[in-house]
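Visitor: Provided herewith is a single structure, encoded as structure tokens, for subsequent inquiry.
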Amino acid sequence: MIGSLMDSPLGPQMALSAELSQDVEVFILGMQQQTPGCGSLLDAGILAEDVVDELLARLVAVGATGALGEVIRVAAPSSLPVRSVLAVGLGEGDVPTERLRQAAGLASRTLVGVGSAASALSMIDLAAAAEGHFLGAYAFNHYRTTLCEDAAKQPIARVELLIPETPDDEASSVLARSLAIAGAVATARNLVNTPPNHLDPAGLAAEAQVLGIGAGLSVEVLDEKALERDGFGGIIGVGKGSSRPPRLVRMAYNCGVPHAKKVALVGKGVTFDSGGISIKPATNMDAMTADMAGAAAVIASVALAAKLELRLDVTATIPMAENMPSATAQRPGDVLTQYGGTTVVVLNTDAEGRLILADAIVRACEDGPDYMIDVATLTGAQSIALGRRTPGVMGSVEFRDRVARISQAVGENAWPMPFPTELRADLNSTIADLANVTNHSSGGMLSAGLFLQEFVADGIQWAHLDVAGPAYNTEEPWGYTSRGATGVPVRTIIAVLESLADEHSPAVDSVI
Ligand code: BES
Ligand code: ZN
Ligand code: ZN
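Reminder that position 352 of the sequence shown reads as 352 in the numbering used here, one-by-one numbering, no gaps.
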């Protein structure tokens with residue numbers, strides 16, 4: 001699969017335009033809800049007043065109100081150069097960025113089978129509309145052989161974004177940034193959506209290598225022999241039940257700016273989590289193809305950091321393994337030695353993520369980063385605590401809160417979670433330095449985070465993101481979120497990196 005998946009377009013072609021051109025099929029515009037049952041169109045002055053009146057009458061006649069989540073398509077008045085008009089409900093009052101992003105995503109998702117559309121949502125916020133339209137058009141049809149030729153089932157191929165003035169460099173760079181970000185989200189989605197028989201640890205490592213080299217990064221892959229030799233006991237322990245050996249990938253983006261801050265990213269790359277000998281129940285076990293979503297997010301993010309030429313040095317340390325039961329699998333009761341020497345008794349082989357992450361965290365700390373963000377589909381307890389759309393973020397209090405704030409601003413909505421001190425003692429063991437689980441299920445997301453904290457070196461600002469629920473949508477599509485992989489938390493990571501780069505920009509320092 002190497003290369004082939006990543007070569008296909010990740011989303012629709014997008015362009016800027018100051019006017020509604022002749023060759024688009026559908027015109028997308030927002031509809032605001034006013035008094036119940038009555039809406040107004042946000043055409044931003046593109047249309048003549050009488051055309052707006054006629055359109056509104058047509059829409060209202062078929063029940064359009066402008067309510068949030070509403071999407072209604074009508075034939076266009078003859079004075080418009082398009083065939084139909086799609087009105088997307090924006091709800092009442094001001095339109096926050098995320099609401100616009102979701103509306104644009106919904107519009108793209110609705111236009112399956114349409115070749116091209118022009119959107120007026122970009123008149124309100126170009127970046128949000130571009131991201132939403134791009135992400136909403138995402139579809140993973142790689143393994144559907146009968147769908148290939150069926151144009152009626154293809155995602156929208158081209159979206160023209162309308163803006164108030166003739167496109168200039170500034171508008172082009174806003175669009176380029178949005179497309180780079182949305183493209184990274186789609187890359188992460190593709191990796192996560194690839195089935196586990198088509199993406200094993202070596203395959204994921206190869207994809208990381210292709211992407212990383214393409215982005216100008218240095219990439220190093222440790223195979224199972226190197227992992228054994230160097231004492232990566234967590235990765236070896238988890239990987240040894242599988243016939244497909246584990247890997248540790250290291251990707252590095254060096255910005256070339258002297259004294260740039262260093263950020264370490266770490267992502268859980270379990271290409272399939274059966275639970276191992278502590279095997280999972282059969283129901284929904286297929287969703288464990290997404291247990292490498294942390295790895296996918298981190299791979300896409302470090303490549304994006306390079307593309308955006310952020311003034312930071314960024315490394316990604318990505319442990320990859322397949323967690324399988326077999327005669328060679330690790331057993332409950334085994335004691336393994338993590339990279340760096342800490343011993344851990346494996347009481348439950350299904351708590352494997354923290355074992356591979358502990359090795360990777362210790363390795364990543366050796367580079368002396370200022371900040372570390374680890375990302376993992378770590379615990380079922382995450383969605384029990386926060387639901388399926390809200391990642392939990394733990395770690396160094398100040399940095400944790402900053403990551404949560406930024407995540408909420410970009411619409412990924414991570415929420416800060418505590419490390420209750422009394423839980424730490426429940427990870428003590430009489431036979432080893434630590435146990436990989438507590439003997440109870442209270443605060444499962446937090447005790448997993450506390451386990452990881454043991455491996456983070458002092459003085460590093462650390463944030464741990466548990467995205468077990470939010471990384472993979474097993475329900476109906478909504479807004480810009482398709483079924484399957486969501487790409488969460490790529491946009492959080494990149495926004496955090498941008499914020500750190502801005503804060504520590506040497507250009508700013510020299511002025512102060
Ligand atoms: N990969 C799972 C966590 C998970 C669950 C991700 C549901 C996505 C959806 C993880 O490896 C795991 O199995 N965790 C256990 C930990 C337990 C044994 C302490 C869990 O959450 O049940
Ligand atoms: Zn597990
Ligand atoms: Zn897992």
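Cβ coordinates follow ideal geometry from the N, Cα and C atoms, glycine included. Bear in mind that the values here come from a model prediction, so they are computed numbers and not experimental data.
If you check the beta carbons only, do Leu126 and Met14 fall under 8 Å apart?
Guide: Not closer than 8 Å, so no.
Visitor: Please classify Asn436: is it buried, with 16 or more other beta-carbons within 10 angstroms of its beta-carbon, or exposed?
Guide: buried
Visitor: Just to check my reading of the structure: Ala468 and Ser383 have Cβ atoms closer than 8 Å, yes? What is that Cβ distance to the nearest angstrom?
Guide: 6 Å
Visitor: Here's the rule I'm using: 16 or more other beta-carbon atoms within 10 Å means buried, otherwise exposed. How should Leu16 be labelled?
Guide: buried
Visitor: Roughly how many whole angstroms lie between the Cα atoms of Gly93 and Ala67?
Guide: 11 Å
Visitor: Could you pull the start and end residues of the beta strand (DSSP E) that Lys262 belongs to?
Guide: Lys262 to Gly267
Visitor: Any heavy atom of ligand 2 inside 7 Å of the beta-carbon of Glu352?
Guide: yes
Visitor: Assuming Val238 and Leu355 form a contact by the criterion Cβ under 8 Å, report the distance between their Cβ atoms to the nearest whole angstrom.
Guide: 5 Å
Visitor: Quick check: does the Cβ of Asn428 come within less than 7 Å of any heavy atom belonging to ligand 1?
Guide: no
Visitor: Name the two residues that bound the continuous alpha helix (DSSP H) containing Phe451.
Guide: Gly444 to Gln453
Visitor: Mind reading off the beta-carbon distance from Leu222 to Arg247? Whole number of angstroms is fine, and I expect it under 8 Å.
Guide: 7 Å
Visitor: If we ignore side chains and look at the alpha-carbon of each, how far apart do Ala495 and Ala18 end up?
Guide: 29 Å
Visitor: With distances taken from CA atoms, which of Val71, Asp169 and Thr438 is nearest Ser344?
Guide: It should be pointed out that residue 344 corresponds to Val in this sequence rather than to Ser. For Val344, the nearest C-alpha among the options comes from Thr438.
Visitor: What is the DSSP secondary structure of Leu500, counted as helix, strand or coil?
Guide: helix
Visitor: How long is the line joining the alpha carbons of Leu524 and Thr187, rounded to whole angstroms?
Guide: In the structure displayed, the chain extends from 1 to 512; residue 524 sits before or after that span and is not available.
Visitor: Taking the alpha-carbon positions, what's the Pro12 to Glu503 distance?
Guide: Cα to Cα, the separation comes out at about 34 Å.
Visitor: Using CA coordinates, which residue listed in Gln34, Gly69 and Gly136 is at the minimum distance from Tyr480?
Guide: Nearest of Gln34, Gly69 and Gly136 to Tyr480, Cα basis: Gly136.
Visitor: Can the beta-carbon of Leu10 be found closer than 8 Å to that of Gly183?
Guide: yes
Visitor: Ligand 3 and Val270: does the residue's C-beta get closer than 7 Å to at least one heavy atom of that ligand?
Guide: yes
Visitor: With DSSP collapsed to three states, give me the class of Arg101.
Guide: helix
Visitor: Among residues of its own chain, excluding the 5 on either side of Ser505, which ones have a beta-carbon nearer than 6 Å to its beta-carbon?
Guide: Arg311
Visitor: Who are Gln33's beta bridge partners in DSSP?
Guide: Gly39 and Glu92
Visitor: Which residue marks the beginning of the alpha helix (DSSP H) containing Pro319, and which one marks its end?
Guide: Unbroken run through Pro319 is the beta strand (DSSP E), Asp313 to Asn323; no alpha helix (DSSP H).
Visitor: When you compare the segment 55-63 with the segment 142-156, are there three or more beta-carbon pairs, one atom per stretch, that lie closer than 8 Å?
Guide: no
Visitor: Is the beta carbon of Thr377 within less than 7 Å of some heavy atom of ligand 3?
Guide: yes
Visitor: Is Asp313 near Tyr253, with beta carbons less than 8 Å apart?
Guide: yes
Visitor: Since Tyr253 sits in a beta bridge, which residues does DSSP pair it with?
Guide: Residue pairing of Tyr253 in beta bridges, as defined by DSSP: Val314.
Visitor: Less than 8 Å between the CB atoms is what I'm expecting for Ala107 and Val88, so what's the real figure, rounded?
Guide: The Cβ separation is near 5 Å, so the contact holds.
Visitor: Using a Cβ-Cβ cut-off of 6 Å (strictly less than) and excluding sequence neighbours within five positions of Gln453, which residues of its own chain qualify?
Guide: No residues qualify anywhere along the chain.
Visitor: Under the DSSP definition of a beta bridge, which residues are partnered with Leu423?
Guide: Paired residues: none, contrary to the question.
Visitor: For Pro477, does the three-state DSSP call read helix, strand or coil?
Guide: In the structure shown, the three-state DSSP call for Pro477 is coil.
Visitor: Find out if the Cβ-Cβ distance for the pair Leu161, Leu147 is shorter than 8 Å.
Guide: no
Visitor: Would you mind giving the Cβ-Cβ distance between Ala208 and Ile318, rounded to the nearest angstrom? I have them listed as a contact below 8 Å.
Guide: 7 Å
Visitor: Starting from the C-beta of Phe455, find all residues in its chain whose C-beta is less than 6 Å away, skip the five residues before and the five after it, and write them out in chain order.
Guide: The beta carbon of Phe455 sits closer than 6 Å to those of Ala358, Ile361 and Val362, all from its chain and outside the five residues before and after it, given in chain order.
Visitor: What residues in its chain sit with their C-beta under 6 Å from that of Gly444, if we drop five residues either side in the sequence?
Guide: Thr379 and Ala381
Visitor: For Phe419 versus Ala463, is the C-beta distance shorter than 8 Å?
Guide: no
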